[in-house]
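Residue numbers (our numbering): 510 to 931. Reviewing the structure listed below.
Rendered as structure tokens:
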């Protein structure tokens, strides 16, 4: 029980596999390029959800697909293959077997004898996909259950108002629950974010009030602002720099890719400083400023996660304003944190969660955009390795120009906007 004595999480479903999870931006899903095959074809997206290894791509009609990242032939990762530009199917790098995304069936085996049927067990698990508001959602539960479940809540924007959107997608080696609690905690901002959106001049006494919502619960320390949780792992922040004129909504999907791992799918809508979007170098500087804010949290959450792995408690002494993240922690205990849990158990169903956490913690590299890539052991004679580039980025790294003076300028402008006296 929290804030006013009401239980604000009891109405939420506890089977978190029967939920939609934001996993990528629509623009980032690799699509089939007509007539491009082999090395000329794009590589599908590799990621995971609740530990399930996944691969995503678009076919020739632009439809997004998601299947288990394992070829039914020799268990090679399909994410190492390509999106075949003649068929629109994902093609395994090992022997060229092609998998159709809707059914998961193998539909092409180049070495198959003439007249021989494709083996009946040549298929992979498929995952339902939904797209809205420029975000790709994936359903990790039974596919038939997705048909009877409502779509995720839509992004809220001010009707009739021109809003600019800023987006960011990052894989982070921290447990998603720690980021959710962090984003429900307004008291950390003057300290953890000093120099960006925080200021010690803004330190104040806080009283948190909580209300139940259809998909979660919401807390306020001021009438104009709120921090909201939407099950299973989403945060909505209403943070207007100037209530009544400058408005801002932030949506943060803290998607659990594995125990101790998460993918942040971030969207921010605002009706001020819209001119920044028309100046690409300044827009990139603003984006880097937002990344700096995230990584201020990241460094402390990494330290907190280390202590938890040393068997420290996530909460010890608490005060009134902690009631909002504490409510989430109780929801987590009923869902992600329960003994059986929702986590993937390996291809044979026998993998321990502790072993899965070890795998998820040590087998990742990151591309220049912060998206996770499988770590491959360095070999001094591997002529295919390129120093300093662990993989091909979904979005190319921008040029180095403006990197010296752009971030300080963005910091000054953003600090002025976000910390101005209301």
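In this text, a Cβ means the ideal position worked out from N, Cα and C, and glycines have one as well. All values reported here derive from a predicted model rather than from experimental measurement.
{"Asked": "What is the residue span of the alpha helix (DSSP H) that residue 798 lies within?", "Found": "789-818"}
{"Asked": "So does the segment 679-695 actually touch the segment 763-770, counting three or more Cβ pairs closer than 8 Å?", "Found": "yes"}
{"Asked": "In the DSSP assignment, find the alpha helix (DSSP H) that holds residue 653 and state where it starts and stops.", "Found": "652-655"}
{"Asked": "So the candidates are 854, 858 and 639; which of them puts its Cα closest to the Cα of residue 866?", "Found": "854"}
{"Asked": "Please classify residue 478: does DSSP put it in a helix, a strand, or coil?", "Found": "Residue 478 lies beyond the stretch modelled for the chain, which goes from 510 to 931, so this question has no answer here."}
{"Asked": "Would you mind sorting residue 519 into buried or exposed? The rule is 16 or more other CB atoms within 10 Å of its CB.", "Found": "exposed"}
{"Asked": "Can you say whether residue 525 is buried or exposed, counting buried as having 16 or more other CB atoms within 10 angstroms of its CB?", "Found": "buried"}
{"Asked": "Relative to the alpha-carbon of residue 878, which residue among 793, 767, 861 and 780 has its alpha-carbon at the smallest distance?", "Found": "793"}
{"Asked": "Between the alpha carbons of residue 607 and residue 654, how many angstroms are there, rounded?", "Found": "27 Å"}
{"Asked": "Just to confirm the assignment, what range does the alpha helix (DSSP H) spanning residue 685 have?", "Found": "685-692"}
{"Asked": "What residues in its chain sit with their C-beta under 6 Å from that of residue 827, if we drop five residues either side in the sequence?", "Found": "none"}
{"Asked": "Measuring only the C-alpha atoms, how far is residue 720 from residue 744?", "Found": "15 Å"}
{"Asked": "Answer yes if the segment 629-639 comes into contact with the segment 610-618, meaning at least three C-beta pairs across the two stretches below 8 Å, and no otherwise.", "Found": "yes"}
{"Asked": "Does the distance from the CB of residue 648 to the CB of residue 661 come in under 7 Å?", "Found": "no"}
{"Asked": "Using 8 Å as the Cβ pair cut-off and three pairs as the minimum, do the segment 744-760 and the segment 773-792 touch?", "Found": "yes"}
{"Asked": "To which residues of the same chain is residue 932 closer than 7 Å at the C-beta, ignoring the five residues directly before and after it?", "Found": "Residue 932 cannot be examined here, being either before or after the span of the chain that is shown, 510 to 931."}
{"Asked": "Can you look up residue 751 in the DSSP assignment and give me helix, strand or coil?", "Found": "strand"}
{"Asked": "Check the C-beta distance from residue 562 over to residue 578 and give it rounded, since I have them as a contact under 8 Å.", "Found": "4 Å"}
{"Asked": "Based on the DSSP output, what are the partners of residue 763 in its beta bridges?", "Found": "773"}
{"Asked": "Just to confirm before moving on: does the CB-CB distance between residue 477 and residue 713 stay below 7 Å?", "Found": "Only positions 510 to 931 of the chain appear in this structure, which leaves residue 477 out of reach."}
{"Asked": "Would a C-beta distance cut-off of 7 Å place residue 717 and residue 728 closer than the cut-off?", "Found": "yes"}
{"Asked": "Please name the residue, chosen from 574, 695 and 822, that lies closest to residue 833 on a Cα-to-Cα basis.", "Found": "695"}
{"Asked": "Measuring alpha carbon to alpha carbon, tell me which of 569, 610 and 532 ends up nearest residue 580.", "Found": "610"}
{"Asked": "Per DSSP, what kind of secondary structure is residue 786 in: helix, strand or coil?", "Found": "helix"}
{"Asked": "Would the segment 685-692 count as touching the segment 548-567 if we require 3 or more Cβ pairs under 8 Å?", "Found": "no"}
{"Asked": "Just tell me which of 549, 572 and 753 has its CA closest to the CA of residue 780.", "Found": "753"}
{"Asked": "Excluding the 5 residues flanking residue 584 on each side, which residues of the same chain have their C-beta closer than 8 Å to its C-beta?", "Found": "856"}
{"Asked": "Where does residue 871 land, buried or exposed, given buried means 16+ other C-beta within 10 angstroms?", "Found": "Residue confidence is low: residue 871 scores 48 on pLDDT, short of 50, so the model does not pin down where it sits. No coordinate-derived value is stated."}
{"Asked": "In terms of residue numbering, what span does the beta strand (DSSP E) encompassing residue 719 cover?", "Found": "718-722"}
{"Asked": "Excluding the five sequence neighbours on either side, which residues of its own chain have a C-beta within less than 8 Å of the C-beta of residue 850, listed in chain order?", "Found": "862"}
{"Asked": "Whose C-alpha, out of 531, 626 and 864, is nearest the C-alpha of residue 768?", "Found": "864"}
{"Asked": "If you draw a straight line from the C-alpha of residue 569 to the C-alpha of residue 814, how long is it?", "Found": "43 Å"}
{"Asked": "Whose C-alpha, out of 796, 541 and 582, is nearest the C-alpha of residue 598?", "Found": "541"}
{"Asked": "Between residue 747 and residue 733, what straight-line distance do the alpha-carbon atoms span, to the nearest angstrom?", "Found": "8 Å"}
{"Asked": "Where does the unbroken alpha helix (DSSP H) through residue 700 begin, and where does it stop?", "Found": "698-701"}
{"Asked": "Taking only beta-carbon positions, decide if residue 706 is within less than 7 Å of chain D.", "Found": "The chain labelled as chain D is not found in the depicted structure, where only one protein chain is given."}
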